[in-house]
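Remarks on the structure that follows.
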Amino acid sequence: MGPTVAAEIYLNVAVSGLLTGLVYGLMALGLSVIFGVVRVVNFAHGEMMTIAMYLAIVLFTSLGLDPLLMVVPIAGVLFALGYVLQAGIINPFISRPEHSQFMLLVAIALIIVNVLLIVFGPDARNVQTSYSFDSFLIGTLIVDATKVYAGVATLLVAAALFAFFRFAPLGKAIRACADNYTGALVVGLDVKRLYALTFGIGAACVGAAGSMLVLLFDVTPALGPALTLLAFIIVITGGLGSMPGALLGGVLIGLTEALAGLMFTPSAKSMFSFGLLVLVLLFRPQGILGNRLT
Amino acid sequence: MMRWLVEGVPRRSLALLLVLLVALIAAPWLANDYLLTVLITILYFAYTGQAWNVMMGFAGQLSLGHALYVGLGAYATAALYVHFGIGPWLGLPVAIAVAVVCGAIIGFLAFRFGVAGVYFAILTIAFAEFARIGFDHFTWVGGSSGFFLPVANYTRNDLWNLRGSPAMFYYVMLVLTAAAFVLCHALLKSRVGFYWQAIREDEAAARSLGINTFRYKMYAVVISAGMTAVAGVFFAFYYNNLFPEQVFHISRSIELILGPIIGGIGTLFGPIIGAFLLTGLSEFMQELLHALGFDVPGAKQVFYGICLLVVVMVLPDGVWPWLSRKLGLARRQP
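Chains as they are written, first to last, in my numbering: chain A, 1 to 294; chain V, 1001 to 1334.
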């Protein structure tokens, strides 16, 4: 055992953390899109993620459908859920104070967690695919196949989203709402509907990320709040409202947690991400890639 | 002093307060053990809600990490009691001091660096979570396997060491809640209270009028943290066991602030009404579902969540502003 072996272990863990971090980043991207446009902090984000994860598990165990192939359909279901949630419940709250919005989403989160608990019970569940134990060997680097597939899928989804907001007329209209609410109303945009669409898109990111994440770790109904916190840490580190920032934040947090788990103890790893969050909030409160706070 | 306190308070409000106080003092003679435990929970949440309200309701600083101060207060006194045999009343100033220092650090960092709104709220969560994981690895106070206070069968109430019957704990909590109510009323009537409300409504305007907003926001955090730590001392000696996963958990922070938000943020009665409604609702759900034979884990929380949802949708300002209008207690709007 020489120093090179240790370096190899670190490199393996780092790559694994980076790929997992990409999927985290996709989840956080959803939160960032919602906040950037609707200006509502989705306190039920992680709980929506657990819905997607259970959906993937049900589809896999009852119909044998591979979660990676179900990324798009599950994203679709979550899009519908997000749309209905925003159009039906959250829209009247967009002009209310933060604590009021917070209460609303906490109530929604509470309902989601406990409905899942009633339906699926408290036990941890996961998915075992035929490629669960496959890995790629690149030189001395051993990379989990599942994580590579998930990482690639994340990049594809993110690229599609960037293209949508950059080029599609609907994406441009949504960005107009985010930039200038009154201006968007004046030029005749249906802001309420665009908000619902945005929340749907944010939820779809969560759906896509959830169906991939189910391959990487177990899900329980109680996982929701932890995922919500994780998404917060990531978007604030990367920059709330910035899309590349969310992905960057995800990768950073994934790396930090993986390396901290290796160097210290796995149970203390989230302490390091919270530490990172505190540092970012203090020295660059708008996040690494965020715009200046007003 | 007394006259200053009651000055300008509608007579009907004073009468209502008196009736409430007498009812609460008489409660242990009328209630059975179960009901008494529920009342202790209600008072506990009324107290912590009042403490949180100083920061959010008065000064407009949203904290989502108040479990941090409860936990610090609880662990500080419990550690002094277990390791050095120092009783809770001597430990109390230490608990308050620890929470105040911690609150001051968070406040200083946040307000100096201009962290506000949602960002401030998430910073407070971060500190509470940081403490939760930290205490999980802090073996001097038991780490993640928990910290326990010695329990024996007590034949008589020992107020000095806070060991005794539920009725004793009930009265301790009642005194704390009443004291917090009076303190908050006094704060609201003082110069600081008016500065806080100015900051809450429009910080830039407050600053332009020459209010040192940094200093007064610090006061709010520090007072709120200190008051919350006292609840932590009670928590430690009432439950006799402390687990970081429970004490510092984010759901504890949320549970603590639901009362004042439902009851009415920034009002004195809000936290009390909210605590009664939420704890009452929660216990009622439990009994109802049990009676219906629908005892599935999670069912209670689902209904609880639906009720919260309905209340925030129908009464955005909380129950008390609406109720006080109905009772004719609200001051007429100019």
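For every residue, glycine included, the Cβ atom is placed at its ideal position computed from N, Cα and C.
Alpha-carbon spacing of residue i relative to residue j, whole angstroms
i, j, result
"Pro1088 (chain V)", "Ala1051 (chain V)", "20 Å"
"Ser100 (chain A)", "Val40 (chain A)", "11 Å"
"Phe1181 (chain V)", "Ile1042 (chain V)", "14 Å"
"Val13 (chain A)", "Ala145 (chain A)", "14 Å"
"Tyr1069 (chain V)", "Glu1245 (chain V)", "15 Å"
"Ser135 (chain A)", "Thr1077 (chain V)", "52 Å"
"Thr61 (chain A)", "Cys205 (chain A)", "23 Å"
"Val38 (chain A)", "Ile1122 (chain V)", "18 Å"
"Ile1199 (chain V)", "Gly1060 (chain V)", "7 Å"
"Leu1005 (chain V)", "Phe1194 (chain V)", "15 Å"
"Val1247 (chain V)", "Val119 (chain A)", "28 Å"
"Met1055 (chain V)", "Thr129 (chain A)", "51 Å"
"Phe199 (chain A)", "Val84 (chain A)", "9 Å"
"Ala1229 (chain V)", "Leu277 (chain A)", "25 Å"
"Arg1215 (chain V)", "Gly1107 (chain V)", "10 Å"
"Leu19 (chain A)", "Val58 (chain A)", "25 Å"
"Ala1167 (chain V)", "Gly151 (chain A)", "59 Å"
"Met53 (chain A)", "Tyr131 (chain A)", "18 Å"
"Lys1326 (chain V)", "Ala80 (chain A)", "41 Å"
"Phe1269 (chain V)", "Trp1320 (chain V)", "7 Å"
"Ile9 (chain A)", "Leu248 (chain A)", "23 Å"
"Leu22 (chain A)", "Gly250 (chain A)", "6 Å"
"Arg1207 (chain V)", "Tyr181 (chain A)", "28 Å"
"Tyr1304 (chain V)", "Met1313 (chain V)", "14 Å"
8 Å Cβ cutoff, residue i in contact with chain V
i, result
"Pro266 (chain A)", "no"
"Ser100 (chain A)", "yes"
"Asn126 (chain A)", "no"
"Ile111 (chain A)", "yes"
"Phe120 (chain A)", "no"
"Ala311 (chain A)", "Any property of residue 311 (chain A) remains undetermined from this structure, which presents chain A solely from 1 to 294."
"Arg193 (chain A)", "no"
"Arg96 (chain A)", "yes"
"Ala107 (chain A)", "yes"
"Ile236 (chain A)", "yes"
"Ser242 (chain A)", "no"
Burial state of residue i, where buried means 16 or more other Cβ atoms lie within 10 Å
i, result
"Trp1160 (chain V)", "exposed"
"Gly121 (chain A)", "exposed"
"His1290 (chain V)", "exposed"
"Leu1174 (chain V)", "buried"
"Phe217 (chain A)", "exposed"
"Pro1297 (chain V)", "exposed"
"Tyr24 (chain A)", "buried"
"Ile1105 (chain V)", "exposed"
"Phe1084 (chain V)", "exposed"
"Ser1190 (chain V)", "exposed"
"Ser1032 (chain V)", "Going by the sequence as given, residue 1032 (chain V) is Asn instead of Ser. With fewer than 16 Cβ atoms within 10 Å of its Cβ, Asn1032 (chain V) is classed as exposed."
"Asp1136 (chain V)", "buried"
"Lys147 (chain A)", "buried"
Pick from the options that is closest to residue i, judged by C-alpha positions
i, options, result
"Gly1232 (chain V)", "V:Val1054, V:Val1310 and V:Ala1099", "V:Ala1099"
"Ile89 (chain A)", "A:Leu247, A:Ile138, A:Ala75 and A:Leu105", "A:Leu105"
"Ile1086 (chain V)", "V:Phe1237, V:Gly1117 and V:Gln1197", "V:Phe1237"
"Ile288 (chain A)", "A:Pro244, A:Ala176, A:Ala260 and A:Thr256", "A:Pro244"
"Leu1258 (chain V)", "V:Val1247, V:Ile1272 and V:Phe1248", "V:Ile1272"
"Pro1150 (chain V)", "V:Trp1140, V:Ser1144, V:Gly1091 and V:Arg1163", "V:Arg1163"
"Ser273 (chain A)", "A:Val157, A:Glu8 and A:Gly254", "A:Gly254"
"Gly1117 (chain V)", "A:Ala246, A:Leu240, A:Gly275 and A:Ala268", "A:Leu240"
"Ile1262 (chain V)", "V:Ile1250, V:His1249, V:Leu1281 and V:Gly1071", "V:Leu1281"
"Gly1264 (chain V)", "V:Pro1028, V:Gly1057, V:Ala1225 and V:Tyr1239", "V:Gly1057"
"Leu65 (chain A)", "A:Leu279, A:Val127 and A:Ser242", "A:Val127"
"Ile201 (chain A)", "A:Asn42, A:Glu8, A:Tyr10 and A:Thr220", "A:Asn42"
"Ser1145 (chain V)", "V:Ala1128, V:Asn1241, V:Tyr1170 and V:Leu1062", "V:Asn1241"
"Ile1254 (chain V)", "V:Leu1030, V:Arg1011, V:Val1009 and V:Phe1045", "V:Phe1045"
"Leu230 (chain A)", "A:Gly139, A:Ala7 and A:Gly30", "A:Gly30"
"Val1009 (chain V)", "V:Ala1026, V:Ala1186, V:Leu1072 and V:Ala1299", "V:Ala1186"
"Ala1027 (chain V)", "V:Leu1288, V:Thr1267, V:Tyr1170 and V:Lys1300", "V:Tyr1170"
Proximity test, Cβ basis, 8 Å: residue i and chain A
i, result
"Tyr1047 (chain V)", "no"
"Pro1316 (chain V)", "yes"
"Ser1251 (chain V)", "yes"
"Glu1129 (chain V)", "yes"
"Val1312 (chain V)", "yes"
"His1137 (chain V)", "yes"
"Gly1221 (chain V)", "With the sequence shown as reference, residue 1221 (chain V) is identified as Val, and Gly is not the correct amino acid for it. Not an interface residue."
Q. Could you give the uninterrupted runs of the alpha helix (DSSP H) lying entirely in the segment 1291 to 1323 of chain V, keeping only those of 4 residues or more?
A. Qualifying alpha helix (DSSP H) stretches, in chain order: 1299 to 1314.
Q: Starting from the N-terminal side, write out each stretch of the beta strand (DSSP E) that is 3 residues or longer and does not extend beyond the segment 1062 to 1129 of chain V.
A: Those beta strand (DSSP E) runs which fall completely within the segment 1062 to 1129 of chain V and span 3+ residues do not exist here.
**Q.** Length-filtered (4 minimum) alpha helix (DSSP H) runs lying within the segment 173 to 246 of chain A
**A.** Along the length of the segment 173 to 246 of chain A, whole alpha helix (DSSP H) runs at least 4 residues long occupy 181 to 186, 191 to 213 and 223 to 238, reported in chain order.
Q | Those runs of the beta strand (DSSP E) which lie wholly inside the segment 1121 to 1196 of chain V and span at least 3 residues | A | Segments of the beta strand (DSSP E) lying fully in the segment 1121 to 1196 of chain V: there are none.
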